[in-house]
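*Asks:* Have a look at this one before I ask anything.
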Amino acid sequence: MNQKEIFAQRLKNARVMKGYSMDELVSAMGNNLSKMSISKYEKCQLSPNSSVIISLSKALEQPVDYFFKPFTVHIDSVKFRKLKSRLGAKQENSIKENISDLVERYITIEEICNVAVVFASPFKNKISTPAQVKKAAIDLRDSWKIGNDGIVNVIDLLENHGVKVMEIDAPDTFDGLSAMVNDKYPVIVLNKNFPSERKRFTALHELGHIILPFDSSVSDKDEEVLCNLFANEMLILESVFMSILGRTRHDISYQELRSIQLQYGISCDAMMYKAKESGVISEQRYRTFCIQKNKIPAFKERIETSLYPNEESNRFVRLVYNSLSNELITISKAASLLHQSVDQVRGDLALV
Numbered sequence: 176m177n178q179k180e181i182f183a184q185r186l187k188n189a190r191v192m193k194g195y196s197m198d199e200l201v202s203a204m205g206n207n208l209s210k211m212s213i214s215k216y217e218k219c220q221l222s223p224n225s226s227v228i229i230s231l232s233k234a235l236e237q238p239v240d241y242f243f244k245p246f247t248v249h250i251d252s253v254k255f256r257k258l259k260s261r262l263g264a265k266q267e268n269s270i271k272e273n274i275s276d277l278v279e280r281y282i283t284i285e286e287i288c289n290v291a292v293v294f295a296s297p298f299k300n301k302i303s304t305p306a307q308v309k310k311a312a313i314d315l316r317d318s319w320k321i322g323n324d325g326i327v328n329v330i331d332l333l334e335n336h337g338v339k340v341m342e343i344d345a346p347d348t349f350d351g352l353s354a355m356v357n358d359k360y361p362v363i364v365l366n367k368n369f370p371s372e373r374k375r376f377t378a379l380h381e382l383g384h385i386i387l388p389f390d391s392s393v394s395d396k397d398e399e400v401l402c403n404l405f406a407n408e409m410l411i412l413e414s415v416f417m418s419i420l421g422r423t424r425h426d427i428s429y430q431e432l433r434s435i436q437l438q439y440g441i442s443c444d445a446m447m448y449k450a451k452e453s454g455v456i457s458e459q460r461y462r463t464f465c466i467q468k469n470k471i472p473a474f475k476e477r478i479e480t481s482l483y484p485n486e487e488s489n490r491f492v493r494l495v496y497n498s499l500s501n502e503l504i505t506i507s508k509a510a511s512l513l514h515q516s517v518d519q520v521r522g523d524l525a526l527v
């Protein structure tokens, strides 16, 4: 690709990432550029001058360097598992382009640092039952050397095992999704606006879709249920849960759940569901809990209050600043990878 072709493709990618149509980009630039011009730029039929490039950079919130950065990593495909989020086509395309951009930058910095992590599922046999899912959670904890303790940081755990995690600003109808890039790089996308317990559960639910080889007989609906079970079991094993609460209970106090929530980062709702599914409480007692939560706002607020510290995806940023501190890359390169200005990167570097 020559520089003109690179600019054309980067411009279109940046526009789609931002979720702009050509008309919306024109509006974001104060109508100082025509839709026809943008179309010609993206079709490689026209080259913009420096002032136009700066205006595009500001409107699309990308550094100028981004538009001329060569494509060092070729993204062949981004395959979504599914999108049951009520997102429009424009938002779906934006997510897809953001995933491609993240993976491209992520692979680049991993190669520079020589710390690429190859993702591999330890499971080969087909899975179709709750018992097999629970065993898979135990086996993965053993394989990843987690033990029986709570997972301190789910996002760090996933990224350290080759799963790229990105967070986006999305409506409440969107929890998360999983995708495979080039049939090789797994990516999990999370709604950054949700509380920590919900993000942790969603991340592990999506991991279930990625890592568990479900039998073809498992329906989409049943797969969702089994992935919920996998996420719940990963957060706290049934055996550990029952050793804390006991094998059978009529009532469970909020203070007991609160203590587990603080230690294991699992919501009260997920714990009550686990108590029902494991037979600690009856189906009727669980229904009573759900009715009470829906009828009493104060009770609902207490049950849904987030207590676990927030988690963020930061491995990529750490690698960039590690490379910068070790002089493996320049500040300009770091700014390009982070999609930030040179001044911002220089200010955040803060060597000690």
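Each residue of the sequence shown is one higher than the one before, counting from 176 in our numbering.
The beta-carbon is built from N, C-alpha and C at its ideal position, and this holds for glycine as well.
Only a predicted model underlies this, so the values are computations on that prediction, with no experimental measurement involved.
(1) Go to E342, then tell me how far its beta strand (DSSP E) extends in each direction, as first and last residue.
(2) F464 by DSSP, collapsed to three states: which one?
(3) So, is N403 buried or exposed, given that buried needs 16 or more other C-beta atoms within 10 angstroms?
(4) Tell whether a beta-carbon distance below 9 Å holds between Y216 and S225.
(5) Under a Cβ-count criterion, where at least 16 other Cβ atoms within 10 Å of its own Cβ denotes burial, should A189 be classed as buried or exposed?
(6) What separation, rounded to the nearest whole angstrom, lies between the Cα atoms of A445 and Y360?
(7) Put F389 into one of helix, strand or coil per three-state DSSP.
(8) Within the continuous beta strand (DSSP E) that includes M355, where are the two ends?
(9) So who's on the other strand from V492, going by DSSP bridges?
(10) Quick test of the definition: if touching needs 3 or more C-beta pairs under 8 Å, does the stretch 279-295 touch the stretch 367-374?
(11) Answer with buried or exposed for Q237, where buried requires no fewer than 16 other C-beta atoms within 10 angstroms of its C-beta.
(12) Can you list, in chain order, the residues of its chain with a C-beta nearer than 8 Å to that of M176? Leave out the 5 residues immediately preceding and following it.
(13) Do you know how far the Cα of I229 is from the Cα of V239?
(14) Of the choices N497, M192, I419, H425, whose alpha-carbon is the least far from that of E431?
(15) For I363, report the span of its beta strand (DSSP E) as first-last.
(16) I think S269 touches G194, with their Cβ atoms under 8 Å apart; what is that distance to the nearest whole Å?
(17) Pair every Cβ in the stretch 348-364 with every Cβ in the stretch 271-278, then say whether three or more of these pairs are closer than 8 Å.
(18) Quick one: using the 10 Å Cβ neighbour count with 16 as the cut-off for buried, is S500 buried or exposed?
(19) Three or more C-beta pairs closer than 8 Å, one from the stretch 421-431 and one from the stretch 318-337: is that the case here?
(20) Thinking I343 and V364 are a contact (beta carbons under 8 Å), I'd like their distance in whole angstroms, please.
(21) Are the Cβ atoms of E408 and K309 separated by less than 9 Å?
(22) Residue range of the alpha helix (DSSP H) that D518 falls in?
(23) Terminal residues of the continuous alpha helix (DSSP H) containing I274?
(24) If we ignore side chains and look at the alpha-carbon of each, how far apart do S511 and F491 end up?
(25) Compare the Cα-Cα distances from Q178 to each of S209, V520, Q220 and report the closest residue.
(26) Which of the three DSSP states, helix, strand or coil, is assigned to I302?
(27) With C-beta atoms as the reference, is S168 less than 9 Å away from E413?
(28) Between the alpha carbons of D350 and A378, how many angstroms are there, rounded?
(29) Skipping 5 residues on each side, what residues in its chain have a beta carbon closer than 6 Å to that of I411?
(30) Pick out whichever of G205, V495, I456, K301 has its Cα sitting closest to the Cα of S392.
*Replies:* Inspection of the coordinates gives the following:
(1) 339-343
(2) helix
(3) buried
(4) no
(5) buried
(6) 29 Å
(7) strand
(8) 351-356
(9) V492 is not bridged to any residue.
(10) no
(11) buried
(12) Q184, P245, F246
(13) 7 Å
(14) I419
(15) 360-366
(16) 4 Å
(17) yes
(18) exposed
(19) no
(20) 6 Å
(21) yes
(22) 517-524
(23) 264-288
(24) 13 Å
(25) Q220
(26) strand
(27) It is not possible to answer for residue 168, since the shown part of the chain is limited to 176 through 527.
(28) 9 Å
(29) Y439, I441
(30) K301
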